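Residue numbers (the UniProt record's numbering): 1 to 363.
Data first, discussion second: the structure below is written as structure tokens.
Have a look at this one:
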């Protein structure tokens, strides 16, 4: 079934409203709702585990509490909140086939998921920019301290609040979307009120952070390639360049997979009022963004060739959360070949920041 985006909750062929009863088989077969519920169940379990683990070990292990790692904890907190307010509620609603918690909770869910989702999005941008500042030194001999890290984390929440509060005050609104089992900004109904908000949100919470990410990582790669060109005889340096390039590509692709479908779909629908919307298709971008709560920590924290880490006492299985700290020992061999400020490039942008900030090799 296809519905026009000129109405946020149309009733066609006996379809009840999003808050009154199951939307199957009117919007999609029941199997679709069941499949989404299973997916959200997996996301809830996986995201809760990996992000919870990030927070716990960051608290327990002092070496992980360097200022440049604050933003990673901020990302984990945001992802946990998206999981709690978004994926968990979506799981329950898809089992029942409609938004069982009512209009007020719908608005609150839409607000909280948008707020914490954008905090996570901007955390990725701040993460890239902080590393650009420390490594490329555009401000000269700048020392990145705790106050700078706190300011970066605070910015993600203040900026997100600034752009997710307006729908609660009348500039657009939060409504059921797609299969009507989750809520988000109203990019369905059109009109200048909704379209102006969607366009503003698209620029401030997608285009700007994406541009910042591309700018920061492009400069990081250029800096490393300059050093690698000067050290062609060093296999360690060449390997470091390949590793960082691989990580940067993975980071950018992950960001685009998470946010490009949702942003593009919202913009296309908001600016084309008569375009027909297939409910299942309309739901996909939202679920893409929710799955990011699982692969964000995997890419930014766990993705490392090393498999030895000092948290086996906490978790029996070996999880490479702080392998980046161990890897600093391997790449420390090139200390005589690379300038200290370049050393960070060989460590997943995480562990070796302690070398730059504390000038000491991790234990």
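Backbone N, C-alpha and C define an ideal beta-carbon position, used for all residues, glycine too.
None of these values were measured; they are calculated from a predicted model.
Annotated three-state conformation of residue 275 is coil, per DSSP. In chain order, 30, 32, 33 and 97 place their CB closer than 8 angstroms to the CB of residue 24, counting only its own chain and leaving out the 5 sequence neighbours on each side. For residue 50, the CB contacts under 6 angstroms within the same chain, skipping 5 residues up- and downstream, are 297 in chain order. Per DSSP, residue 97 has no beta-bridge partner at all. In the same chain as residue 149, and ignoring 5 residues on each side of it, the C-beta atoms closer than 6 angstroms to its own belong to 67 and 70, in chain order. Sixteen is the threshold: since fewer than 16 other Cβ atoms of the shown chains lie within 10 Å of the Cβ of residue 274, the residue is exposed. Three or more beta-carbon pairs separated by less than 8 angstroms are not found between the region 86-106 and the region 121-130, which leaves the two stretches without contact. Approximately 7 angstroms separates the beta-carbon atoms of residue 39 and residue 287; this is inside 8 angstroms, confirming the contact. Counted as a single uninterrupted DSSP element, the beta strand (DSSP E) harbouring residue 184 occupies residues 182-185. For residue 174, the secondary structure class from DSSP, reduced to helix, strand or coil, is strand. Between the C-alpha atoms of residue 257 and residue 119 there is a straight-line separation of about 17 angstroms.
Distance from the Cα of residue 175 is smallest, within the candidate group 188, 55 and 164, for 188. In this structure, residue 163 and residue 122 do not form a Cβ contact; the two beta carbons are roughly 10 angstroms apart against a cut-off of 8 angstroms. Close CB contacts of residue 202 within its chain, under the 6 angstroms cut and outside five residues either way in sequence, are with 263 and 267 (chain order). For residue 49, the uninterrupted alpha helix (DSSP H) run begins and ends at 30-60, by DSSP.
About 12 angstroms separates the Cβ atoms of residue 85 and residue 93, ruling out a contact at the 8 angstroms cut-off. The shortest C-alpha to C-alpha distance from residue 73 to any of 45, 48, 153 and 106 is the one to 153.
Per the Cβ contact rule, the region 132-148 is not in contact with the region 105-114 (fewer than 3 Cβ pairs under 8 angstroms).
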